[in-house]
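**Student:** So that we are looking at the same thing, I have put the structure below in structure tokens.
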Amino acid sequence: MTTVEEITTRIQALPEHLQREALHYVEYLLQRQDAAREDREWTEACAAHLYTAYSDSDAVYDSE
-9 MTTVEEITTR IQALPEHLQR EALHYVEYLL QRQDAAREDR EWTEACAAHL
41 YTAYSDSDAV YDSE
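First residue of the sequence shown? That's -9 in our numbering, and the numbers climb one at a time after it.
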């Protein structure tokens, strides 16, 4: 049985108000996933911008 099938089977055993609560939790998980993706995209974009804006000669620290 797949995870989706297992969830479907178990959720059907719950009363309506708990099914709604489970749905709200699923929506929360989706929002959290989207927020993490957006954070990752911003981090990558900022890093790419900094990489193009500075060269090795701009390094504050040297290897000594």
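The C-beta atom is built at its ideal place from N, Cα and C for all residues, glycine as well.
So, with DSSP's three-state summary, where would you put A3?
**Tutor:** Of the three classes helix, strand and coil, the one that applies to A3 here is coil, per DSSP.
**Student:** Assuming A12 contacts L20 under a Cβ cut-off of 8 angstroms, what Cβ separation, rounded to an integer in Å, is found between them?
**Tutor:** 13 angstroms between Cβ atoms; not a contact.
**Student:** Express the C-alpha separation of E17 and L40 in angstroms, rounding to a whole number.
**Tutor:** Between L40 and E17, the C-alpha separation is close to 35 angstroms.
**Student:** Give me the Cα-Cα distance between Y15 and Y44, rounded to the nearest whole angstrom.
**Tutor:** Spanning the two alpha carbons is a distance of roughly 43 angstroms.
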